[in-house]
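Take a look at the structure below.
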Amino acid sequence: MKIKFQILSICLAFVIHSQNIAQGSAGSDASSELRSLVDIPTAGVLESGNLGLSFEAMQYGIFSTKVELGLFKNFNLGVSYGGSKIIGTGNPDFYPMPGFHAKFRVFTETKTIPSITFGFNSQGKGKHLDSLNRYEIKSPGVYTSFSKNYKLLGYFSLHATANYSFERKDGDENINIGFGFEKTIGPTVSLVAEYDFALNDNSKNSLGDGKGYFNVGIRWAASYGLTVGLDFRNIFENKVSQTYTGPERALIINYVRNIF
1100 MKIKFQILSI CLAFVIHSQN IAQGSAGSDA SSELRSLVDI PTAGVLESGN
1150 LGLSFEAMQY GIFSTKVELG LFKNFNLGVS YGGSKIIGTG NPDFYPMPGF
1200 HAKFRVFTET KTIPSITFGF NSQGKGKHLD SLNRYEIKSP GVYTSFSKNY
1250 KLLGYFSLHA TANYSFERKD GDENINIGFG FEKTIGPTVS LVAEYDFALN
1300 DNSKNSLGDG KGYFNVGIRW AASYGLTVGL DFRNIFENKV SQTYTGPERA
1350 LIINYVRNIF
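Everything in the sequence shown is counted per the numbering used here, starting at 1100 for the first residue and increasing by one.
Pasting the structure below:
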C-alpha cells in the first residue's frame, strides 16, 4: 500500500510540474499556434525560424510524419510521408508520393477581424486507393482558413475553412467547407472538435455517404515544445464501405523548436 501511495505521489507531482513548465501548442499557456484541429487547417502558423515535427498513428497500422519550417514571417513550408501497415504485420503500403505543404498568413487577427491564411496541402489521411488515385480522406488541396480567438475561461477559438482538392478521379469535384473550435482547459490542455462537410466526397463513386466527418480530439502540452494528442475520428461513421462501428482512434505527437 505504501509503494502504491508513493507511485501515485510521484505521478501527481509529475502532472503538477508539467502544468508549470509545459508550453506546447495546447492550453492557455501554449507557446506555438495550433496549425490544424484534427484534419481541418487553422490560420495558425509556425513562427519564423521554428521547426515543426508531427507524427500520426491511425487504424490499419497507418503512420505518417510531417516536417514544417517557419521560413519567413507568416510563411511555412513542409513535406510529409507515410503509409498503411507500417505498424503491425504484412508488407507496408507506402504512399505513392510525399505530401507538400505551403501556408501563408495574409492577415493577422485583430479584435474584430480573424486571422486569414491561404495554403496548399497535398497530403490526405488514411489508406491511399490507387484505383481512384485518392486517400480515404482527401487532401485539402488549395484552401483558405479563418481563425478567431476569444477569452472565455481561458481561450475559445473558432475556425473555418474552404478547400478544393485535386483528388477528383471519383468524379466529385466540389469545393468543400468545414468548421471547428478549440477550447483550452487549464494551461496545458485543449479540446478540439471539427465538422468536415465532405462536399467533395458524397457522389455516386465517392467513399463518403453524405453525413460528413465529425472528429474530436484532446491535446496536452507534455513539455516545452512537445504536444501529445488523442483523436476520435469519423464519429458519424460516414464511410460507405465501413466494416466496423464506433470512432476511429489516432495518436498525435507534435514537436516545435527554434532552429534559427
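By construction, the Cβ of each residue, glycine as well, lies at the ideal position given by its N, Cα and C atoms.
For residue i and residue j, I'd like the C-alpha separation in whole angstroms.
i, j, result
"residue 1256", "residue 1328", "18 Å"
"residue 1180", "residue 1161", "11 Å"
"residue 1249", "residue 1349", "28 Å"
"residue 1188", "residue 1253", "44 Å"
"residue 1176", "residue 1325", "20 Å"
"residue 1233", "residue 1129", "34 Å"
"residue 1120", "residue 1169", "Here residue 1120 scores only 48 on pLDDT, less than 50, and its place in the model is too uncertain to base an answer on."
"residue 1337", "residue 1125", "28 Å"
"residue 1288", "residue 1123", "9 Å"
"residue 1300", "residue 1158", "20 Å"
Taking all protein chains shown into account, decide if residue i is buried (16 or more other Cβ within 10 angstroms of its Cβ) or exposed.
i, result
"residue 1356", "exposed"
"residue 1236", "buried"
"residue 1306", "buried"
"residue 1344", "exposed"
"residue 1186", "exposed"
"residue 1342", "exposed"
"residue 1359", "exposed"
"residue 1244", "buried"
"residue 1281", "buried"
"residue 1211", "exposed"
For residue i, I'd like the list of residues in its chain whose CB is within less than 8 Å of its CB, leaving aside the five on either flank, ordered along the chain.
i, result
"residue 1242", "1140, 1217, 1218, 1219, 1220, 1260, 1261, 1262 and 1263"
"residue 1208", "1142, 1214, 1246, 1247 and 1248"
"residue 1240", "1219, 1220, 1221, 1262, 1263, 1264, 1265 and 1266"
Could you check which residue in the options has the C-alpha nearest to that of residue i?
i, options, result
"residue 1314", "1292, 1321, 1308 and 1307", "1292"
"residue 1258", "1347, 1134 and 1229", "1134"
"residue 1230", "1199, 1205 and 1270", "1270"
"residue 1298", "1166, 1205 and 1273", "1273"
"residue 1178", "1151, 1190 and 1279", "1151"
"residue 1227", "1205, 1191 and 1212", "1191"
Among the residues of its own chain, which have a CB less than 6 Å from the CB of residue i, if the five just before and after it don't count?
i, result
"residue 1174", "1203"
"residue 1156", "1162 and 1350"
"residue 1223", "1234, 1236, 1237 and 1238"
Given 8 Å as the limit, tell me if residue i has its C-beta closer than that to any heavy atom belonging to the ligand FMN.
i, result
"residue 1241", "Only the bare structure without any ligand can be found here, which leaves the ligand FMN out of the picture."
Leaving out the 5 sequence neighbours to the left and right, which residues in its chain are closer than 7 Å to residue i when beta-carbon positions are compared?
i, result
"residue 1296", "1275, 1276, 1277 and 1311"
"residue 1148", "1169, 1357, 1358 and 1359"
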